[in-house]
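Residue numbers (my numbering): 138 to 919.
Even glycine gets a Cβ: it sits at the ideal position worked out from N, Cα and C.
Working notes, structure below.
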């Protein structure tokens, strides 16, 4: 019997040791997990770094449609959508919300860098696996991957014809997913693979203002791969992929709205004030209940990617070239007051183009000296613009008329504040990693990457009417004074240029105690390049309560890690462990200014340390356990300019607070998974296949200012899949359950815009995960 491949999301040592005495005489061996984390094809157990590999089969069966779903199965990985951006964190480190940022966690698809945050929202399709590399990866994954790397590997064409069609239907939220895959030879030397996915969903949040369920999703992805085996020395692969993923509405709701601390308002809260001025009474619902009030949001996204990969055998060496062109654009409308009242909205658009070329030389394995060396070039162009708009019928001027202290708000009548940002980058780098096999058991590796990057940036902010006609500076002094004093917004026109020349080194020692136990220790230094702030509403030194920012510096990391990879019980179990400590300097952070904008700064220092444990155990021929456990401790050092909570701002009158000694957003002290997979015959030609996943997270704070009001409690989430199918795998029918314990989970939270700085009413909005869902899935393979 061929054993099923199980994903590497592992088991705790306690479970493994408890089962040590239960090993039967029958020899059972786990199927090997193959990865390319070090740009060579090798067993996961031979890779001397902390890496999780989740197979495409596991993702397909568990309904993992994007990175945001994947995080549940990889401890110390967090991805969340926000009102105006996307967050990806590994081991407590991420880049925060700003279109000027490239991500601290680099994403690579078939070796091509996808550094823009918006690309992480793209749906998964027909994958071989996803590898999550934790800790700095600046040598082989060199572009800014200071916190870790996500390596996405798509499924490749096959030598024999095969196909698959599948349908998933979930009735509660009307989710429908249709997949098609065709693969096989087109000639003696050319093979191809076509994959297509269509996914729609009505949503799980009831928008009582529009009467619709949100977020309503409409996703369509198509990928074509052609593989050419030109000779026994030369092969080439050409891939084209088009992606469109549109979302109407958001999974956002107001979850707190406390009475104003301004004695002049008699204890009224923000929603009550707006309702008294004519807003629908529905906005008074300010508790987490999967209902929201909003005048409408959308996000329309399109991506295109063309990748050429060529391998040539040069003697015993391999020369690899990877060239890619990537572009995307999106258009988003955010009802960014997050209420059903008409106040303001934010329309944003982004257009990005990137081309890259990498060539590398890989030596054969088994020699005393092994190495990988190469060169990388990338250029990119980014254009981002957004527009704060006060539409007709807005309650902002009405609020000014009703409350004398806010009388200046009456000047904000049918105006817009457009902002335009550009950032162009050109990067060249050289890299090498050399391994000295001192003995059969001792291996020493040294690596380094030298990078030279030039960036140019501009940002311009003006004031216009709703038709786009610029209101000249000085023509409306009362309007400018209101924007500056109450909305922290000031006209500006900025440009800058920066050039960075950096070297990132690493050292690694690996020792094989025996054929089943490997120990390793690593030291590395990495950096993430600086850049320009896209989202600040004023320039540095502007006459506003919280002056803005523009240029920010690079950040650096020094990381230490020790670990082991163990094969136990004759190949029946595996256990991997890692201990890490990383020091960050000049950590890039995005700080909400308390009103509408985000300013980028550099936190002086931060430290993150922890432990990660994962493994798997084939208990019997038909039952396998896998699991993981992670501990994480994060602490800011010498960081005086963190974001205050609303209460702190009201009590002290200061917008910034000392974060020295505090933890970071999304840091859960403990997290882990435990999965059980069973597979056995129930008739001559039928099999039962079942999976139960327990996903645990300790409490964490989903807000940038660590406001305890919105802290997420610890939880255990349960996912399950029960399937019956042909024992030859030709067809299968399954029930797929997600969040079966129906946990209410906040993935991101922040302050309700305008409420605190205008009325001293403390309120929060939050992104909430999908509630319980059960879908039926049918698969036919041919």
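Helix, strand or coil at residue i according to DSSP, with G and I counted as helix
i           : result
residue 215 : strand
residue 695 : strand
residue 526 : strand
residue 867 : coil
residue 185 : coil
residue 293 : coil
residue 759 : coil
residue 753 : strand
residue 426 : coil
residue 400 : helix
residue 241 : coil
residue 126 : Summary: the structure shown does not reach residue 126, with the chain confined to residues 138 through 919, and so no result is reported for it.
residue 354 : strand
residue 395 : coil
residue 707 : helix
residue 729 : strand
residue 411 : helix
residue 205 : helix
residue 277 : coil
residue 472 : coil
residue 151 : For residue 151, the pLDDT reaches just 39, beneath the cut-off of 50, and the residue's location in the model is therefore unreliable, leaving the point undetermined.
Check: residue i C-beta below 7 Å from any heavy atom of the ligand ATP
i           : result
residue 666 : This structure simply doesn't include the ligand ATP, nor any ligand for that matter.
Nonlocal neighbours in the same chain, by C-beta distance under 6 Å from residue i, ignoring five residues either side
i           : result
residue 760 : 815
residue 160 : Any reading at residue 160 must be qualified, since the residue scores a pLDDT of 41, below 50, and its modelled position is unreliable; the value itself is stated next. Excluding sequence neighbours, residue 160 sits near 706.
residue 273 : 283, 661, 663, 694 and 696
residue 246 : 289
residue 384 : 352, 354 and 436
residue 267 : 191 and 289
residue 571 : 508 and 583
Residue nearest to residue i in terms of C-alpha spacing, selected from the options
i           : options               : result
residue 713 : 675, 765, 668 and 394 : 765
residue 663 : 175, 671, 694 and 532 : 694
residue 837 : 863, 801 and 269      : 801
residue 917 : 864, 167, 181 and 233 : 864
residue 424 : 832, 895, 893 and 883 : 883
residue 386 : 596, 871 and 435      : 435
residue 807 : 768, 829 and 784      : 768
residue 169 : 773, 754 and 733      : 754
residue 171 : 165, 179 and 313      : 179
residue 685 : 732, 645, 719 and 692 : 732
residue 183 : 241, 294, 653 and 430 : 653
residue 215 : 809, 715, 300 and 870 : 809
residue 642 : 602, 689, 625 and 588 : 588
residue 336 : 322, 203, 211 and 447 : 203
residue 744 : 229, 784, 447 and 511 : 229
residue 326 : 344, 308 and 294      : 294
residue 579 : 636, 503 and 562      : 503
residue 796 : 403, 592, 482 and 778 : 778
residue 193 : 586, 166, 251 and 261 : 261
residue 843 : 793, 678, 827 and 331 : 793
Classification of residue i by the beta-carbon crowding that lies within 10 angstroms, buried from 16 upward
i           : result
residue 902 : buried
residue 747 : buried
residue 614 : exposed
residue 162 : Its pLDDT being 38, under 50, residue 162 is placed unreliably by the model, and nothing is read from it.
residue 275 : buried
residue 610 : exposed
residue 541 : exposed
residue 703 : buried
residue 189 : buried
residue 634 : exposed
residue 789 : exposed
residue 370 : exposed
residue 519 : buried
Chain C within 8 Å of residue i, Cβ atoms only
i           : result
residue 188 : Considering every chain present, this structure includes no chain C. It has just one protein chain.
Contacts around residue i, its chain only, beta-carbon distance under 8 Å, and the 5 residues preceding and following it disregarded
i           : result
residue 855 : 829, 830, 831, 832, 874, 876, 877 and 878
residue 454 : 498, 499, 500 and 501
Proximal residues to residue i (C-beta, below 7 Å), its chain only, five neighbours per side dropped
i           : result
residue 575 : 581
residue 529 : 551
residue 511 : 495, 496, 497, 498 and 568
- request: List in chain order: all unbroken beta strand (DSSP E) runs of 3+ residues lying wholly within the region 508-593.
  value: DSSP assignment within the region 508-593 yields the following whole beta strand (DSSP E) runs of 3 residues or more, N-terminal first: 552-574.
task: Report the residue ranges of all beta strand (DSSP E) runs contained in full by the region 764-835; include only those spanning at least 3 residues, in chain order.
output: The region 764-835 contains these whole beta strand (DSSP E) runs: 807-818 and 823-834.
Segments of 3+ residues assigned as beta strand (DSSP E) that fall wholly inside the region 869-895: 883-888
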